[in-house]
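Undergrad:
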Amino acid sequence: MIRRSIYSQAWASSFRFRDFRLFWASTFFYSLGTGMEHVAVGWLVFDITGSAFIVGVAAAARMAPLFFLG
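Every position in the sequence shown, counted from 1, becomes a number in the numbering used here once 329 is added.
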């Protein structure tokens with residue numbers, strides 16, 4: 330006999346709601362785009378400067394507002 334967890338289908342049941350599916354898809358694509366932007370900016374900074382340290386400085390500068398403003 331296979332025992333199912335209480336939470337085994339709980340996450341899937343949320344996708345029955347159209348608004349949740351739209352919210353989930355928009356969050357997924359926003360996160361994907363943000364990740365691609367981080368890679369692209371780091372790549373561009375490294376291509377221009379050739380310095381891994383400056384890539385770190387650029388990444389820290391981009392994250393500073395999140396750190397200070399939440």
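All residues carry an ideal CB built from backbone N, CA and C; glycine is no exception.
At the 7 Å Cβ level, is F375 part of the contact set with chain D, yes or no?
TA: Going by chain labels, chain D is absent from the structure shown, which holds only one protein chain.
Undergrad: For V383, which residues of its own chain have a beta-carbon under 7 Å away from its beta-carbon, when the five flanking residues on both sides are left out?
TA: If you number the sequence shown from 1, residue 383 lands on position 54. Position check: residue 383 holds Ile in this sequence, whereas Val was assumed. Only V374 meet the Cβ criterion.
Undergrad: From G399, A339, A369, pick the residue whose C-alpha is nearest to that of A388; which is it?
TA: Within the sequence shown, residue 388 is the residue found at index 59, counting from 1. Among G399, A339, A369, the Cα nearest to that of A388 is on A369.
Undergrad: What residue range is occupied by the uninterrupted alpha helix (DSSP H) comprising S360?
TA: Counting from 1 along the sequence shown, the entry for residue 360 is found at position 31. That run of the alpha helix (DSSP H) goes 347 to 378.
Undergrad: How far does the alpha helix (DSSP H) with F397 in it reach, from first residue to last?
TA: Translated into the one-based positions of the sequence shown, residue 397 becomes position 68. Run containing F397: 381 to 398, per the alpha helix (DSSP H) assignment.
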